[in-house]
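Numbering (the numbering used here), first residue to last: 1447 to 1708.
Beta carbons: idealized from backbone N, C-alpha and C, even for Gly.
Predicted model, so just to flag it, every value in this text is computed and none were measured.
Here is the structure we will look at.
Okay, structure coming up:
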């Protein structure tokens, strides 16, 4: 079996920035174990697999260690591949995920693409000592989302200085931990850690912005916000809070097109 593999850098306008994702366009679904093995071999934060059924694209995402419920950057990368290499003429691509339901990506003339994702369901908690010890810095607010914890801090400088204990992070009962604060040049900044998924620090996490955007929209009193993820590669996002949905916009660039032989 031979499969075409695309590697796309998402939430960036230049190669070696943003978050790299692999994309495989399939005629029909492969066995889940095989898709997991391909993702492990790729060793990227996520590999996306997509199958077209009529006018809908079914979409699944795998880290090197597990299948995940939602992935923003790999969805953006998949849309880029479909728009640029598979001749999808429509302005909007409609996806369906078995774990997250209806999703879509809209392309714009300026190169931006916009994800339409469900808003994360969150609850404020008292500080959790195990999480604070793992991150190494006590937050001013702790928020629990569907799969992740969001820790809020006072400044961008605090986010930049965080050096987590990944051994302790890996023992937490959650997918990962997001840290966020007001930005110096954007509305809010963040970093995200997912060691239990095989991703110590994710370069840019689209799904995390479904958790952060509602919080910062309320705090800052506006629905359209600019965001930056402060990983080594860095990523730039534009977010819009629409109540039950969050729109997340960014650019993407191709890095390679190859062939998998199995």
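Between the CA atoms of residue j and residue i - distance to the nearest angstrom
i: residue 1553; j: residue 1519; result: 15 Å
i: residue 1509; j: residue 1631; result: 31 Å
i: residue 1675; j: residue 1688; result: 21 Å
i: residue 1572; j: residue 1539; result: 40 Å
i: residue 1471; j: residue 1624; result: 30 Å
i: residue 1648; j: residue 1683; result: 15 Å
i: residue 1646; j: residue 1567; result: 24 Å
i: residue 1582; j: residue 1557; result: 39 Å
i: residue 1487; j: residue 1481; result: 10 Å
i: residue 1511; j: residue 1651; result: 17 Å
i: residue 1618; j: residue 1459; result: 34 Å
i: residue 1563; j: residue 1457; result: 16 Å
i: residue 1514; j: residue 1507; result: 6 Å
i: residue 1595; j: residue 1644; result: 17 Å
i: residue 1599; j: residue 1466; result: 27 Å
i: residue 1665; j: residue 1628; result: 10 Å
i: residue 1479; j: residue 1499; result: 22 Å
i: residue 1530; j: residue 1585; result: 42 Å
i: residue 1667; j: residue 1659; result: 11 Å
i: residue 1501; j: residue 1610; result: 44 Å
i: residue 1671; j: residue 1597; result: 19 Å
i: residue 1653; j: residue 1473; result: 27 Å
i: residue 1639; j: residue 1626; result: 12 Å
i: residue 1612; j: residue 1657; result: 22 Å
i: residue 1503; j: residue 1641; result: 29 Å
i: residue 1697; j: residue 1545; result: 25 Å
Neighbourhood of residue i by C-beta distance below 6 Å, restricted to the same chain and skipping five residues each side
i: residue 1452; result: 1469, 1527, 1703
i: residue 1560; result: 1552, 1693, 1695
i: residue 1706; result: 1449, 1451
i: residue 1555; result: none
Classification of residue i by the beta-carbon crowding that lies within 10 angstroms, buried from 16 upward
i: residue 1541; result: buried
i: residue 1655; result: buried
i: residue 1547; result: exposed
i: residue 1622; result: buried
i: residue 1454; result: buried
i: residue 1475; result: exposed
i: residue 1690; result: exposed
i: residue 1516; result: buried
i: residue 1601; result: exposed
i: residue 1463; result: buried
i: residue 1673; result: buried
DSSP-derived helix/strand/coil call for residue i
i: residue 1542; result: strand
i: residue 1663; result: helix
i: residue 1652; result: coil
i: residue 1585; result: coil
i: residue 1620; result: coil
i: residue 1596; result: strand
i: residue 1518; result: helix
i: residue 1632; result: coil
i: residue 1607; result: helix
i: residue 1529; result: helix
i: residue 1577; result: helix
i: residue 1612; result: helix
i: residue 1419; result: The chain is shown only over 1447 to 1708; residue 1419 falls outside these bounds and no answer can be derived.
i: residue 1488; result: helix
i: residue 1555; result: coil
Within-8 Å CB hit, residue i to chain D
i: residue 1542; result: Looking at the structure shown, chain D is missing, and only one protein chain is on hand.
Own chain partners of residue i with C-beta closer than 8 Å, once the 5 adjacent residues on each side are dropped
i: residue 1569; result: 1589, 1590
i: residue 1505; result: 1494, 1495, 1496, 1521, 1524, 1541, 1542, 1543, 1549
i: residue 1614; result: 1576, 1579, 1580
i: residue 1485; result: 1468, 1492, 1493, 1508, 1509, 1510
Any non-hydrogen atom of the ligand FMN within 7 Å of residue i CB
i: residue 1622; result: Summarising the ligand content, the structure contains no ligands, and the ligand FMN is consequently not present.
Neighbourhood of residue i by C-beta, 7 Å cutoff - its chain only, sequence neighbours within 5 removed
i: residue 1574; result: 1588
i: residue 1461; result: 1455, 1699, 1701
i: residue 1669; result: 1663, 1686, 1687
i: residue 1490; result: 1466, 1467, 1468
i: residue 1447; result: 1708
i: residue 1593; result: 1515, 1620, 1621
Three CB pairs or more closer than 8 Å across the segment 1596-1609 and the segment 1635-1649: A contact exists between the segment 1596-1609 and the segment 1635-1649.
At least 3 beta-carbon pairs within less than 8 Å: the segment 1529-1537 vs the segment 1677-1684: no
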